[in-house]
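With UniProt numbering, letter number 87 in the sequence shown gets 96, and the count goes up by one each step, no holes.
Everything on this sheet refers to the single structure shown next.
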Amino acid sequence: ISGEAGAQTAPRVQVRNLSKIYRTRRGEHVALDNVSIDIGAGEFVVLLGPSGCGKTTLLRCIAGLEEPDGGEIHINGKLVYSSSAGISVPPEGRALNMVFQSYALWPHMSVVDNVAYPLRNARASTSEARARAAETLELVGLGAFTAAYPGQLSGGQQQRVALARSIVSNDGLVLFDEPLSNLDAKVRDRLRVELLNLQSRIGFSAVYVTHDQMEALALADRVAVMDVGRIAQIGSARDIYDRPTSRYVADFVGSANEIAGRIVSSSEGVAIETPMGRLSGVAGSDRLAEGAKAIAMVRPEHCILASPGSAASGNQVEGVVERSLYLGPVVQHFIMVGEQQLTVSVSGGEGLQPGSRVAIGFAADRTRIFAA
Ligand code: ATP
Numbered sequence: 010i011s012g013e014a015g016a017q018t019a020p021r022v023q024v025r026n027l028s029k030i031y032r033t034r035r036g037e038h039v040a041l042d043n044v045s046i047d048i049g050a051g052e053f054v055v056l057l058g059p060s061g062c063g064k065t066t067l068l069r070c071i072a073g074l075e076e077p078d079g080g081e082i083h084i085n086g087k088l089v090y091s092s093s094a095g096i097s098v099p100p101e102g103r104a105l106n107m108v109f110q111s112y113a114l115w116p117h118m119s120v121v122d123n124v125a126y127p128l129r130n131a132r133a134s135t136s137e138a139r140a141r142a143a144e145t146l147e148l149v150g151l152g153a154f155t156a157a158y159p160g161q162l163s164g165g166q167q168q169r170v171a172l173a174r175s176i177v178s179n180d181g182l183v184l185f186d187e188p189l190s191n192l193d194a195k196v197r198d199r200l201r202v203e204l205l206n207l208q209s210r211i212g213f214s215a216v217y218v219t220h221d222q223m224e225a226l227a228l229a230d231r232v233a234v235m236d237v238g239r240i241a242q243i244g245s246a247r248d249i250y251d252r253p254t255s256r257y258v259a260d261f262v263g264s265a266n267e268i269a270g271r272i273v274s275s276s277e278g279v280a281i282e283t284p285m286g287r288l289s290g291v292a293g294s295d296r297l298a299e300g301a302k303a304i305a306m307v308r309p310e311h312c313i314l315a316s317p318g319s320a321a322s323g324n325q326v327e328g329v330v331e332r333s334l335y336l337g338p339v340v341q342h343f344i345m346v347g348e349q350q351l352t353v354s355v356s357g358g359e360g361l362q363p364g365s366r367v368a369i370g371f372a373a374d375r376t377r378i379f380a381a
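This is the structure we're talking about:
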């Protein structure tokens, strides 16, 4: 009994010091460089990063579809990969399911048989497997489509079938490889919500690969931002977006105005002397010595527009409006401050006359300073 209670709190997946090197004719490529990450029971973790950073490789190593070069992986407390112990459990022995971008359904099998497939593989009787598959299809809103064939369904419906198949055996762990990227924006938005609803109902742990920043923020309990084979930062969506610890993360997730300068005081709050004047802010994780080259970063929506000469709140600079773009929910202003263009987003705002002078304020707690 104590074992069971322990299993509930133990992480579903533990990855320790994982490395993976691809060897090709052109040489060696380090795809994973000593990566460690825990995924808790019932936790939704998103691996986010630009193309080639190693997120798919990490997912495939967890799945057992790729053989790492070093490290350890535990799934449900069981050692499934260890370079030192010479253990490498094949995918079918790992108690997990995968959902791919391509759906990967059997075209010659009905929807219900596609979903029943993992249960049939695990030697359930046809009738029992079909009954559970039908229940699961009900959960993903496809109760009326059990007898259809995948080719008769839309992309979004096919991905729901793949989702049903991944949860039908209730292994507790689902790995997602960009599952929504083939779908149009509306269907994608809808399926994100459905996926989260399903996850809170069933409680599976998820590891989800995407290169889409907004998707990562929307879905994740924690986002792991990857940078060439390493995890650059892992934290809640809010941590990643509001408190990035590096220029890389600040720049990759969302957008930011970058203002270059030099550190002028690093004792009581960091300040940076720039061509726009002195800006104070919160430091990132970079160690910043006085005189060091640095970058202040402020997101467009964290800039506040004011009339020139108004009482300064925090850092204030003045500039000239170059152009305002109406984007529906926000208006995006491009403002020249000296030689540099800054972007300011205002929700529900009005366009500004090109050539008009404005002040831009950014609060110190919204301004992050990193080494250049
Ligand atoms: P994407 O979003 O483009 O899929 P990713 O972050 O998932 O990118 P991976 O597919 O994990 O990246 O690839 C990581 C690196 O390893 C890339 O530089 C890629 O070129 C390389 N790589 C991946 N698979 C192989 C392979 N089978 N042989 C050689 N190199 C590979």
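Using N, Cα and C, we set each Cβ at its ideal position, and we do this for glycine too.
- Compare the beta carbon distance of residue 385 and His220 with 8 angstroms and say whether it is the shorter of the two. In this structure the chain extends from 10 to 381, so residue 385 is not present and cannot be described.
- Are the beta-carbon atoms belonging to Val170 and Val108 less than 8 angstroms from one another? No, they are not a contact pair.
- Query: Under the DSSP definition of a beta bridge, which residues are partnered with Leu351?
  - Reply: As computed with DSSP, Leu351 is found in a beta bridge with Ile344.
- Output the residues surrounding the ligand ADP, defined as those with a CB atom closer than 6 angstroms to any ligand heavy atom, in chain order. For the ligand ADP, the structure offers nothing, since it holds only the ligand ATP.
- Message: Using the Cβ count rule (16 or more neighbours within 10 Å means buried), how would you classify Tyr335?
- Response: Tyr335 comes out exposed.
- Confirm, please, whether the CB-CB distance from Val355 to Ile344 is below 8 angstroms. No, these two residues do not count as a Cβ contact at 8 angstroms.
- Message: By the three-class DSSP mapping on this structure, what secondary structure does Gln362 have?
- Response: Gln362: coil per DSSP, three-state reduction.
- Query: Looking only at its own chain, which residues have a Cβ that is under 6 angstroms from the Cβ of Ser333, when we skip the five neighbours before and after it?
  - Reply: Short of 6 angstroms from the beta carbon of Ser333, and not among the five residues preceding or following it, lie these beta carbons of its own chain, in chain order: Val340, His342, Gly360 and Leu361.
- Task: Check the C-beta distance from Val234 over to Ala173 and give it rounded, since I have them as a contact under 8 angstroms.
- Result: At roughly 30 angstroms, the Cβ-Cβ gap does not stay under 8 angstroms, so Val234 and Ala173 are not in contact.
- Query: Looking only at DSSP bridge pairs, what is Ala368 linked to?
  - Reply: The partner list for Ala368 (beta bridge, DSSP) reads Ala315 and Glu327.
- Pull up the distance between the alpha-carbon of Gly290 and that of Ser45, whole angstroms please. Across the structure, Gly290 and Ser45 are spaced so that their CA atoms are roughly 31 angstroms apart.
- Residues of its chain near Thr135, where Cβ-Cβ distance is below 8 angstroms and the 5 sequence neighbours each way are ignored: Ala125 and Arg129, listed in sequence order.
- Task: Could you have a look at Gly244 and say whether DSSP puts it in helix, strand or coil?
- Result: Note: Gly244 maps to strand in three-state DSSP.
- Please confirm if the segment 241–259 is in contact with the segment 73–93, defined as three or more CB-CB distances below 8 angstroms between the two stretches. They do not touch, by the three-pair rule.
- Per DSSP, the bridge partner or partners of Gln23: In the DSSP output, where bridge partners are listed per residue, Gln23 has Asp47 and His83.
- In angstroms, rounded to a whole number, what distance separates the CA positions of Pro20 and Gly270? Taking C-alpha positions only, Pro20 is separated from Gly270 by approximately 44 angstroms.
- So the beta strand (DSSP E) Asp186 belongs to, where does it begin and stop? Per DSSP, the continuous beta strand (DSSP E) segment holding Asp186 begins and ends at Leu182 to Asp186.
- Item | Thr283, buried or exposed, once every other Cβ within 10 Å from all chains shown has been counted against 16 | The residue is buried, with at least 16 neighbouring Cβ atoms inside 10 Å.
- Item | Residues near Val98 in its chain [Cβ-Cβ closer than 6 angstroms; skip 5 each side] | Closer than 6 angstroms at the Cβ level, and outside the excluded window around Val98, lie Val89.
- Lys195: buried (16+ other C-beta within 10 angstroms of its C-beta) or exposed? Of the residues assessed, Lys195 falls on the exposed side of the cut-off, its CB having fewer than 16 other CB atoms within 10 angstroms.
- Query: Are the beta-carbon atoms belonging to Leu114 and Pro159 less than 8 angstroms from one another?
  - Reply: Their beta carbons are under 8 angstroms apart, which means Leu114 touches Pro159 by this criterion.
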